[in-house]
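According to my numbering, the sequence shown is numbered sequentially starting from 4. Working notes, beginning with the structure itself.
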Amino acid sequence: MCEYAPGSAAALPGGIGISLLTVYDIEAPDGLVGGAPHVHLACSEGYYVMAGSGAVQTLNPKGFTETPLQVGSVVWFDPGTIHRLINGGGLKILALMSNSGLPEAGDAVLTLPPEHLTDRETYLNATTLTGEGEVRTLSAMARRDLAVEGFAVLRKSFDANGPSGLDDFYAAAVRIVQPQLADWRKRWEQGARRLADETGAALDALEAGTAPHLQTAELHQLPAPTELGRHGMCGRLDIYDITS
C-alpha cells in the first residue's frame with residue numbers, strides 16, 4: 004500500500020504536461036504548411052484547438068488518416084502514431100502530453116529518411132537546431148523538411164507492405180531513444196505513477212472512513228509560461244515548467 008505523502012511536489016492532474024503551440028505557417032516542399040511529422044515511443048498526446056483551423060495527418064499500423072481540426076476540436080493518439088500538423092490558417096493548440104510533458108522533453112523521433120536513422124549520433128547531427136533568431140527558424144524548417152521527406156517514404160512503404168512497412172522506422176526509433184530511458188522512467192515515477200499511487204492511497208483511506216489528504220489540500224498555479232516561442236517540432240511553443 005502507498006501512503007499519501009503530504010508536501011510532495013505539485014503536478015498537474017493525471018501527471019500531464021501542457022504547452023501552447025502555434026503551428027508553423029511556412030510551406031514545406033510538398034506544398035503543405037505545418038509542422039514536422041514524428042512519433043512518440045512511450046507517451047500519448049492530445050490537442051485542444053484554441054484558434055484557427057487545419058488538420059492532423061496520422062500514420063500507424065492501421066493506416067494513414069487526415070483529421071480536420073477547428074476551434075474546440077479535441078483529438079489524441081497513442082504512442083506509435085506518427086503525426087503531422089497541417090496549418091490551414093492561424094492554428095493554435097493547447098497540447099496535452101502524458102508523463103509531465105515527456106513528448107516535448109525527449110520522447111519524440113522525427114521521420115527522417117533512413118540514412119539519418121542509422122544510430123543516435125547520426126540522428127542528433129541531423130536534428131539539432133543551430134543559431135538564433137531567423138537562422139534558428141531556417142534550421143527548424145530544414146529539419147521539418149527532412150522529416151516530411153522521410154514521412155513520404157514511410158507512406159509509400161506502408162502502401163506497398165502494409166503495417167510491416169513501418170517496422171524498420173519503429174526499430175530505428177527505439178534504438179535512438181534507448182539512452183534516455185532511465186530519465187524517462189524517473190519522470191514517470193515522480194509524476195504520473197506517483198499521482199496514481201496517491202489516488203490509491205486516498206481511496207484506501209476513504210474506504211477506512213478517513214481522509215487525511217483533505218487536510219493538506221491547496222491551490223496550485225502556473226502563472227505564466229517559463230519560456231516563450233521555443234522552436235518545437237510542430238511550431239513555436241510556450242513552455243510551462245511543471246517538473247521543478
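All C-beta atoms in this analysis are idealised placements derived from N, C-alpha and C, irrespective of residue type, glycine included.
What residue range is occupied by the uninterrupted alpha helix (DSSP H) comprising residue i?
| i | result |
| --- | --- |
| ALA176 | 170-180 |
| ARG139 | 136-164 |
| ASP122 | Run containing ASP122: none; DSSP gives neither H nor E here. |
| ALA186 | Note that residue 186 is Asp in the sequence shown here, rather than Ala. 184-191 is the extent of the alpha helix (DSSP H) around ASP186. |
Quick one, which of the options has its alpha-carbon nearest residue i's?
| i | options | result |
| --- | --- | --- |
| GLN62 | LEU24, GLY165, PRO228, GLY37 | One detail in the question is off: residue 62 reads as Leu in this sequence, not Gln. Checked all of LEU24, GLY165, PRO228, GLY37; the closest Cα to LEU62 is GLY165. |
| GLY37 | ALA211, ILE89, THR213 | ILE89 |
| ASP162 | GLY235, GLY66, LEU24 | GLY66 |
| ALA45 | GLN183, ASP171, LEU240 | GLN183 |
Between the alpha carbons of residue i and residue j, how many angstroms are there, rounded?
| i | j | result |
| --- | --- | --- |
| VAL180 | LEU127 | 11 Å |
| GLN218 | ALA227 | 28 Å |
| ASP148 | PRO71 | 22 Å |
| ALA204 | HIS223 | 21 Å |
For the beta strand (DSSP E) that contains residue i, what are its first and last residues?
| i | result |
| --- | --- |
| ALA98 | 85-100 |
| LEU23 | 20-26 |
| PRO71 | 66-73 |
| GLN60 | 48-63 |
Is it buried or exposed, residue i, if we count other Cβ atoms within 10 angstroms and call 16 or more buried?
| i | result |
| --- | --- |
| GLU192 | exposed |
| ARG188 | exposed |
| THR130 | buried |
| ASP110 | buried |
| SER103 | buried |
| THR3 | Summary: the structure shown does not reach residue 3, with the chain confined to residues 4 through 247, and so no result is reported for it. |
| LEU24 | buried |
With DSSP as the reference, please indicate the residues paired to residue i in a beta bridge.
| i | result |
| --- | --- |
| MET200 | Reading off the sequence, residue 200 comes out as Asp, not Met. BP columns for ASP200 are empty, so no partner. |
| TYR243 | For TYR243, which the question treats as bridged, DSSP gives no partner whatsoever. |
| LEU113 | HIS41 |
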